[in-house]
Amino acid sequence: MEYNFKEIEKKWQTYWAEHKVYAAKVDESKPKYYVLDMFPYPSGAGLHVGHPLGYIASDIFSRYKRLQGFNVLHPMGYDSFGLPAEQYAIQTGQHPAVTTEKNIARYRSQLDRIGFSYDWDREIRTCDPDYYKWTQWAFIKMFNCYYDYDIDKASPIENLISKFEAGGTKGVNAASSSDLEFTAEEWKSYTEGQKSAILMDYRIAYQGETSVNWCPALGTVLANDEVKEGISVRGGFPVEQKKMTQWQLRVSAYAERLLAGLDNLDWTDSLKDMQRNWIGKSQGAEMHFKAVCDGQEHDMLIFTTRADTVFGVTFMVLAPESPWTDILTSKAQKEAVEEYKNVVKKKTERERIAETRKVTGVFSGSYATNPLTGKEVPIYVSEYVLSTYGTGAIMAVPAHDSRDYAFAKAFNLPIIPLIEGCDVSESSFDAKDGIMCNSGFLNGLPVKKAITAAIDYVESKGIGRRKVNYRLRDAIFSRQRYWGEPFPMYFKDGIACPLPDDKLPLTLPEIDEYKPTETGEPPLARAKDWTYGGYPLEKSTMPGFAGSSAYYLRYMDPRNSEALVSKEANAYWQDVDLYIGGTEHATGHLIYSRFWNKFLYDLGYVCKDEPFRKLINQGMIQGRSNFVYRIVGTNTFVSFGLKDNYKTTEIHVDVNIVYNDRLDIEAFKAWMPDYHNAEFILEDGEYICGWAIEKMSKSMFNVVNPDLVCDTYGADTLRLYEMFLGPLEQSKPWDTKGIDGVNRFLKRLWRMFYDKDNCLVTDGEPTAAELKSLHKLIGKVCSDIENFSFNTSVSAFMIAVNELYDLKCSKAAILEPLLILLSPFAPHITEELYHTALGREGSISGAKLPEYIEAYTIEDNCTYAVSFNGKTRFTVDLPKSLGKEEVEARVRALEQTAKYTDGLTIIKVIVVPGKIVNIVVK
RNA sequence: GCCCGGAUGGCGGAAUUGGUAGACGCGCUGGUCUCAAACACCAGUAUUGAAAGAUGUACCGGUUCGAUCCCGGUUCCGGGCACCA
315 MEYNFKEIEK KWQTYWAEHK VYAAKVDESK PKYYVLDMFP YPSGAGLHVG
365 HPLGYIASDI FSRYKRLQGF NVLHPMGYDS FGLPAEQYAI QTGQHPAVTT
415 EKNIARYRSQ LDRIGFSYDW DREIRTCDPD YYKWTQWAFI KMFNCYYDYD
465 IDKASPIENL ISKFEAGGTK GVNAASSSDL EFTAEEWKSY TEGQKSAILM
515 DYRIAYQGET SVNWCPALGT VLANDEVKEG ISVRGGFPVE QKKMTQWQLR
565 VSAYAERLLA GLDNLDWTDS LKDMQRNWIG KSQGAEMHFK AVCDGQEHDM
615 LIFTTRADTV FGVTFMVLAP ESPWTDILTS KAQKEAVEEY KNVVKKKTER
665 ERIAETRKVT GVFSGSYATN PLTGKEVPIY VSEYVLSTYG TGAIMAVPAH
715 DSRDYAFAKA FNLPIIPLIE GCDVSESSFD AKDGIMCNSG FLNGLPVKKA
765 ITAAIDYVES KGIGRRKVNY RLRDAIFSRQ RYWGEPFPMY FKDGIACPLP
815 DDKLPLTLPE IDEYKPTETG EPPLARAKDW TYGGYPLEKS TMPGFAGSSA
865 YYLRYMDPRN SEALVSKEAN AYWQDVDLYI GGTEHATGHL IYSRFWNKFL
915 YDLGYVCKDE PFRKLINQGM IQGRSNFVYR IVGTNTFVSF GLKDNYKTTE
965 IHVDVNIVYN DRLDIEAFKA WMPDYHNAEF ILEDGEYICG WAIEKMSKSM
1015 FNVVNPDLVC DTYGADTLRL YEMFLGPLEQ SKPWDTKGID GVNRFLKRLW
1065 RMFYDKDNCL VTDGEPTAAE LKSLHKLIGK VCSDIENFSF NTSVSAFMIA
1115 VNELYDLKCS KAAILEPLLI LLSPFAPHIT EELYHTALGR EGSISGAKLP
1165 EYIEAYTIED NCTYAVSFNG KTRFTVDLPK SLGKEEVEAR VRALEQTAKY
1215 TDGLTIIKVI VVPGKIVNIV VK
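Position in the first sequence counted from 1, then plus 314, gives you the working numbering.
Set out below in structure tokens:
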């Protein structure tokens, strides 16, 4: 019998599906284990060989955990709302639901071929109304809550209303968009409209005006993590800043908890660092400065982390968009400031980035008084101060801040050094290090102590207070698009109201065109009768991250129509034990999910504060591109080794017509009409291609389709090879030619069971050598899997099978544990051999993981190399059972009889068991 | 500019984290089988040298009997953030 992978793989995939082998059910008798993949966006291009890498890893781990006796939840679904389907719809008029459906079918068939152990009964799709009902439900909950810092969690908005009714804003310690103050009487005197406007500033899901990333080409706003270097991540279009009223989520209220929660997570440090930087906590102080404009006195508030440098303030700076700027611009400077503001406003985000460090600014015409020195300093307006961070105003200390320094140099402002011995003639001294000088009562203190002393002083004089700032901003939650979740909100006389729960889901209406309207309204404005009870419904939709923020909860109880997840299901599955996915979600999905989960936790809907206990980031699989070299101005192609003799252009060639860097010339001629009459300059009768490692993409003709690999080598080979390529978390290139090695391994495994038509499996007692091979393997593979070092596991399998093959071992007592151990990696072939060759019943996934017995792998004797000062002089075999002291004693004795002393005396014997003995001599 | 990761044969990568560097696989070379090819199998394969040996983990230095591993500095590559006061 031959290893017929096609038949075997089809047979077992059918068996698993028919017997629902991987269906997960709540089972209190077993410990649970939840393994989750980041669900894919089903794009039109289908999967390439890089996509399943993480899925294979998580599948191996899931299968391994099942063998260990865990009740494993391993679900899959689709993140199926999103821009590409909509862009396609705009171009073709096809409904996004239709293309999405088609793409999902393609993804499913590709995934199925690889043999994953998903529980497909739990599949979810974010665009399914039964699913997005719960996205809308959560949004309404957020709308109906505010964040109370006193209890440090979300709380129903009614509680806030009661507080306002009882005592106004006094004693209210809540996250809000503005710092309003009013009394209970004032509150009661407000109209409904005024009240709802005030409450809006406190809600966790709220509508508010902010400066947003507006992408004109996409016709929508984007969140910060959807923009990189002034360009939209999806599509690559320029993005500009624009003031707009948008739905937002008050993620910033959770900044401290999102930061603190990281400490207890089993994530990589680099990913935690990314989130920490994104949250951007900085501790400092707010300080009041008296400002005078045209004789009028105002109060100005700044934020600083360097309160110690207040004696070196030589000017102040306001953000152009800051409300202070209008108040503190003098009549004389009005025109200049307005002009400056206009120039800044017109710049796109991209220009701002390109011109970073180019100093611009304008004098406001007013002056501020330093509260500590009483000195007057000028107030400037400059774009290097951001309105969105801190108070939008700073005190400038050019001697100790490089940005202030550049500004001072450009505007010829004084620079006062405050640290003993520092040189500020060429650049500022930014380090928080040294002894203070020129700083009144702070003189003589080291910087770090001076910071505390300065803040203490400021607090005691009532000039300011300690303050923590976060860079994390609220998430802008509206998108002016069609293919997303509709907001379950309507506007009654201009006041935003949520739909009642029994009206959920609010499904997407049909429209005949997916573009924005001529008047610039979102596509939903095209819908007929987009109203509720006669009131207009919200016309924008939710962003991509809405649907992915709580999907891991829905998998626990995917068909529940009463709740996002039942209390029972949530209590059993709890949280995700292992989450595998790419780093690209570090500051997007992984922040939003944590926020969303914490919110639901505050309200008691989920039992865990953090959703993802352990996180692994798989690396990218890069493509290996091949090139041909066309001699300029001809249709002649010269082989790689000879190309330097000619003037050539490098052209990407489809890697599927190149074998081992050798071009299939006939296939090349047929590839594109242009090359039909191509001529070639060969070396040794062959055309050798150049190569490079690049991103896997269609345009570089280096895409390898997993279907093709499954056709030629089988899914088990694909799975093993993807793992064998290198460490899971590292980026590495795909190179199809190496795949023969793992394929050979499987064929050899097969031959251990079958020779032609004979089954070779026998009973019989295993020998010591066979047991040693097996148990070395068990020990290695189990510890590798726990460490996600799957590449070395595959090597270990190859070594063990080679050893056993050489020993001609066909004993069931050895082969059965071997198969079970290998089954997570290569489920089809092991399943087949388990049944037909070993005659076992049921699926191998129900088997028990073989136990590792160390005693089998210990060597009787062990060779020590004895060396003097690093030079090996002789080797000696000693029983492994000897203790360290005894080895030392025997070595000393040997050394004496061997007369290797050369007149030297031993000062130290270093024994490393099983390794080497070093004798240090003098 | 700041914060993280890296750097080992022709290639992907191992090395029990201070103890024989280069496991395993690819590729290459030679051989067996074959009319031939494919498959399979066997042997070799860091550099240098006829050999003994010498040299080798990006570079410079340090600690140590001993360093791919620890410490200091440099270069290059990858990722993240970027006027965050």
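Yeah, the Cβ is synthetic: ideal placement off N, Cα and C, and Gly gets one too. Quick caveat: nothing in here was measured; it's all calculated off a predicted structure.
Pair within 7 Å by beta-carbon distance, residue i and residue j
{"i": "D770", "j": "V761", "result": "no"}
{"i": "R793", "j": "T534", "result": "yes"}
{"i": "F721", "j": "V782", "result": "no"}
{"i": "K645", "j": "D587", "result": "no"}
{"i": "R938", "j": "D889", "result": "no"}
{"i": "M709", "j": "L732", "result": "no"}
{"i": "R717", "j": "A599", "result": "no"}
{"i": "F368", "j": "I1053", "result": "A quick correction: the sequence has Gly, not Phe, at residue 368. For G368 and I1053, no; Cβs fall outside 7 Å."}
{"i": "F625", "j": "G754", "result": "yes"}
{"i": "F1067", "j": "L1147", "result": "yes"}
{"i": "K595", "j": "L573", "result": "yes"}
{"i": "V606", "j": "S490", "result": "no"}
For residue j and residue i, believed in contact at Cβ under 8 Å, the rounded distance
{"i": "V631", "j": "V699", "result": "5 Å"}
{"i": "L1063", "j": "I1143", "result": "7 Å"}
{"i": "K344", "j": "F384", "result": "7 Å"}
{"i": "V920", "j": "N974", "result": "That pair is no contact at about 53 Å."}
{"i": "D393", "j": "G1156", "result": "In fact, because the Cβ distance is near 35 Å, the residues do not count as touching under 8 Å."}
{"i": "F1139", "j": "M1037", "result": "7 Å"}
{"i": "Q450", "j": "L822", "result": "Incorrect: roughly 11 Å between the Cβ atoms, too far for contact."}
{"i": "P812", "j": "I454", "result": "4 Å"}
{"i": "I765", "j": "D923", "result": "Contact flag wrong, Cβ pair sits at about 33 Å."}
{"i": "V651", "j": "S678", "result": "6 Å"}
Pairwise C-alpha distance: residue j and residue i
{"i": "K806", "j": "Y849", "result": "6 Å"}
{"i": "R1033", "j": "D577", "result": "34 Å"}
{"i": "Q508", "j": "F603", "result": "32 Å"}
{"i": "T1186", "j": "I1113", "result": "Only weak support is given to the placement of T1186: the predicted model assigns it a pLDDT of 48, under 50, and the value that follows is read from those uncertain coordinates. Approximately 29 Å between the Cα atoms of the pair."}
{"i": "T639", "j": "E479", "result": "35 Å"}
{"i": "L977", "j": "N1019", "result": "19 Å"}
{"i": "V1095", "j": "L381", "result": "13 Å"}
{"i": "T962", "j": "E832", "result": "50 Å"}
{"i": "F725", "j": "E649", "result": "19 Å"}
{"i": "E1008", "j": "Q932", "result": "17 Å"}
{"i": "S1124", "j": "Y906", "result": "54 Å"}
{"i": "L361", "j": "Y421", "result": "7 Å"}
{"i": "G549", "j": "K1046", "result": "26 Å"}
{"i": "S875", "j": "L642", "result": "57 Å"}
{"i": "P814", "j": "I790", "result": "24 Å"}
Own chain residues within Cβ distance below 6 Å of residue i, not counting five before or after
{"i": "K655", "result": "P634"}
{"i": "D1255", "result": "Examination of residue 1255 is not possible in this model, given that the chain is present from 315 through 1236 alone."}
{"i": "Y355", "result": "D393, G396"}
{"i": "W528", "result": "V535, E554, K556"}
{"i": "G798", "result": "F395, T855, M856"}
{"i": "W581", "result": "L929"}
{"i": "S1087", "result": "A1114, E1117, L1118"}
{"i": "M390", "result": "Y432"}
Cutoff 7 Å; reference residue i; Cβ partners in own chain excluding five residues on either side
{"i": "I777", "result": "M601, H602, P685"}
{"i": "Y866", "result": "L350, V890, P925"}
{"i": "S696", "result": "V631, T674, G675, F721"}
{"i": "F1104", "result": "A371, I374, M1037, L1042, D1098"}
Reduced DSSP category for residue i - H, G, I as helix; E, B as strand; rest coil
{"i": "C751", "result": "coil"}
{"i": "K346", "result": "strand"}
{"i": "L494", "result": "coil"}
{"i": "E1117", "result": "helix"}
Proximal residues to residue i (C-beta, below 8 Å), its chain only, five neighbours per side dropped
{"i": "A1082", "result": "Y1170"}
{"i": "K502", "result": "E479"}
{"i": "S510", "result": "I809, A810"}
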